[in-house]
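Comments concern the structure below.
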Amino acid sequence: MEEFNSTCHNGLFDKYSDMTVNKHILLGISGGIAAYKSAELVRLLRKQGVEVRVVMTQSAMQFVSPLTFQALSGNPVHSELLDADEENAMGHISLARWADLLIIAPATANTLAKFSHGLADDLLSTLYLAATCPVYVAPAMNQAMWNKAVTQENIAMLRRHGVSLIGPEPGDQACGETGFGRLSEPVDICRHLLQALDLEQASTTRCLQGMKVLISAGPTREPLDPVRYITNRSSGKMGYALADAALQAGAEVTLVSGPVNLPAPANIRLVKVETAAQMYGAVISRASDHGIYIGAAAVADYSPAVTEPEKIKKQAEQSTIILQKTRDILAAVAQLDKRPFTVGFAAETHDLEAYALDKLTRKNLDMIAANWVGQEQGGFDSEQNALQVFWKNGQKNLSMTDKKLLAEQLIALIAERLHQEQ
Ligand code: PMT
301 MEEFNSTCHN GLFDKYSDMT VNKHILLGIS GGIAAYKSAE LVRLLRKQGV
351 EVRVVMTQSA MQFVSPLTFQ ALSGNPVHSE LLDADEENAM GHISLARWAD
401 LLIIAPATAN TLAKFSHGLA DDLLSTLYLA ATCPVYVAPA MNQAMWNKAV
451 TQENIAMLRR HGVSLIGPEP GDQACGETGF GRLSEPVDIC RHLLQALDLE
501 QASTTRCLQG MKVLISAGPT REPLDPVRYI TNRSSGKMGY ALADAALQAG
551 AEVTLVSGPV NLPAPANIRL VKVETAAQMY GAVISRASDH GIYIGAAAVA
601 DYSPAVTEPE KIKKQAEQST IILQKTRDIL AAVAQLDKRP FTVGFAAETH
651 DLEAYALDKL TRKNLDMIAA NWVGQEQGGF DSEQNALQVF WKNGQKNLSM
701 TDKKLLAEQL IALIAERLHQ EQ
């Protein structure tokens, strides 16, 4: 049998067909306009040799005919909780035991609410309760429904119960609104599921074997006096995930980190800094000795012109702080005579693409990974993120997912670009 992916390459889906891998995925479809996209998901999974069985809710069947899924999966579609014919064959318990993985795509707000509260009034919700395998949900709904506090509480509860999320994505919605709530692309959902079943590795194969990678992570702290400082919301999760992914890909990793509450990754050289000036020194002194620099840190653009030696006392009604521009670490790395392959980040609240492209050219970068910040999902201090990655004459969108998986995908992309440019 052919081996699955052996490089960091992401474009797997045309390569393999007509083989079985003895893996079973149970796909639950709940009722939303995105239900039609799940047909493509079934096709992609089957193409990878995975056996798929489909369960549809009553409202899902209003959007797409079960016949479509029967034809694509090659198996009858299940929809009834109490079906006399099924109980002796593939009843809900045997279906749940058959599955190596349960994925709900699209998962509506109603389905997520039922799952999080343990309701079991139809086949899909009963299967969720009966399942002992890993469970993934790919939500799709109107952005206001997604952002509603109760939906977010349900999501948080499902996460605590061990359910993994894929998406949702930001963008234009079928209802005409814009925001988070789009179903992730079938190809991305498929990739996550293959990785979960160990059928595909994103970058854990050794695509950076022997490379030295320098990464900055976390925020900086710019002191005003001995007790106060200016900082930002960066948790360091994105940068630390990149350090881990680079290590898994075979690189020797140095991580220059601002103050964060994350455990120091094993087998990585960790350099702790506090201020933008210290980060500048730590990065610039090492950059020429590395093949890749990834600037994931949220470095302060300005720091107080003066740091008071003693605590500033409360006096006047208003107070002014004079700030001074910090030195741009990323731009300085890209100007070095012996420069590494230089990857920047862009954290934006608006005009993401325009600002990212401006930074790519102005700072003379090899690549830039742009993310939305200041939104409910993604960016600062969240478990998940999505990236739009740009380089000269190219771009790739990495859809919303856990930062660990996203980091593997970005490392794979960096390796691909680097090898193409060499
Ligand atoms: O840490 P997390 O909570 O996981 O959040 C991740 C993140 C949102 C912080 C991360 O994904 C991210 O976007 N990091 C870059 C944040 C940022 O400072 O973006 P920026 O658009 O302001 O800066 C652009 C680039 O210039 C960045 O690569 C930054 O590291 C770099 N920079 C900025 C200022 C400066 N003085 N020196 C720099 O090197």
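Residue numbers (my numbering): 301 to 722. For each residue, glycine too, the CB sits at the ideal point set by N, CA and C.
Would residue i pass as a contact of residue j if the rule is Cβ separation under 9 Å?
i       : j       : result
Thr-701 : Gly-674 : no
Tyr-593 : Val-643 : yes
Leu-412 : Asn-454 : yes
Pro-640 : Ser-588 : yes
Ala-438 : Pro-406 : yes
Ala-456 : Ala-431 : no
Gly-558 : Pro-519 : yes
Ile-530 : Pro-604 : yes
Ala-577 : Leu-570 : no
His-417 : Leu-395 : no
Ile-711 : Cys-490 : no
Gly-550 : Gly-591 : no
Ser-338 : Val-364 : yes
Met-579 : Ile-515 : no
Phe-690 : Ala-670 : yes
Pro-486 : Ala-440 : no
Trp-672 : Leu-652 : yes
Thr-426 : Leu-458 : no
Gln-443 : Thr-478 : yes
Ala-290 : Leu-483 : Because the chain is modelled from 301 through 722, residue 290 falls outside the range shown and cannot be assessed.
Ala-582 : Ser-534 : no
Val-354 : Arg-346 : no
Thr-626 : Tyr-655 : no
Asn-685 : Lys-703 : yes
Val-435 : Ile-404 : yes
In terms of residues, what are the limits of the beta strand (DSSP E) holding residue i?
i       : result
Tyr-655 : Tyr-655 -> not in any beta strand (DSSP E); alpha helix (DSSP H) instead, spanning 652-662.
Tyr-725 : Outside the modelled stretch of the chain, which goes from 301 to 722, sits residue 725, for which no answer is possible.
Phe-480 : 478-482
Gly-644 : 641-648
Gln-688 : 684-691
Gly-471 : 469-472
Leu-326 : 324-329
Using DSSP bridges, identify the partner residues of residue i.
i       : result
Gly-349 : Gly-349 is not bridged to any residue.
Gln-624 : Ser-603
Pro-439 : Ala-407
Leu-514 : Thr-554 and Tyr-593
Lys-572 : Ser-557
Asp-383 : In the DSSP output, where bridge partners are listed per residue, Asp-383 has none listed.
Met-667 : Val-643
Met-361 : Met-361 pairs with nothing; no bridge assigned.
Asn-532 : Beta-bridge pairing links Asn-532 to no other residue.
Glu-522 : Ile-530
Gln-695 : Phe-690
Leu-465 : Val-437
Val-355 : Gly-328 and His-378
Using 10 angstroms around the beta-carbon of residue i, count the other beta-carbons present and answer buried if the total reaches 16, otherwise exposed.
i       : result
Arg-460 : exposed
Gly-694 : exposed
Ser-503 : With a pLDDT of only 44 at Ser-503, under the threshold of 50, the placement of this residue in the model should not be trusted; the figure read from the coordinates follows. When all chains shown are included, Ser-503 counts as buried.
Ala-725 : Limits of the chain in this structure are 301 at one end and 722 at the other, which puts residue 725 out of reach.
Leu-312 : Residue placement at Leu-312 cannot be trusted, given a pLDDT of 45 that sits under 50; what the coordinates show is reported in the next sentence. Label assigned to Leu-312: buried.
Asp-422 : buried
Asn-532 : buried
His-392 : buried
His-719 : exposed
Thr-320 : exposed
Ser-585 : exposed
Gln-709 : buried
Lys-614 : exposed
Glu-522 : buried
Arg-717 : buried
Leu-636 : exposed
Gly-539 : buried
Please list the terminal residues of the continuous alpha helix (DSSP H) segment that includes residue i.
i       : result
Asp-544 : 537-548
Ala-284 : For the chain, the structure presents residues 301 to 722; residue 284 sits outside this window and is missing.
His-492 : 486-496
Leu-423 : 423-430
Glu-708 : 703-721
Arg-397 : 392-398
Gln-370 : 366-373
Leu-630 : 629-634
Would you check whether ligand 3 has a heavy atom nearer than 8 Å to the C-beta of residue i?
i       : result
Lys-704 : Summarising the ligand content, the structure contains ligand 1 and does not contain ligand 3.
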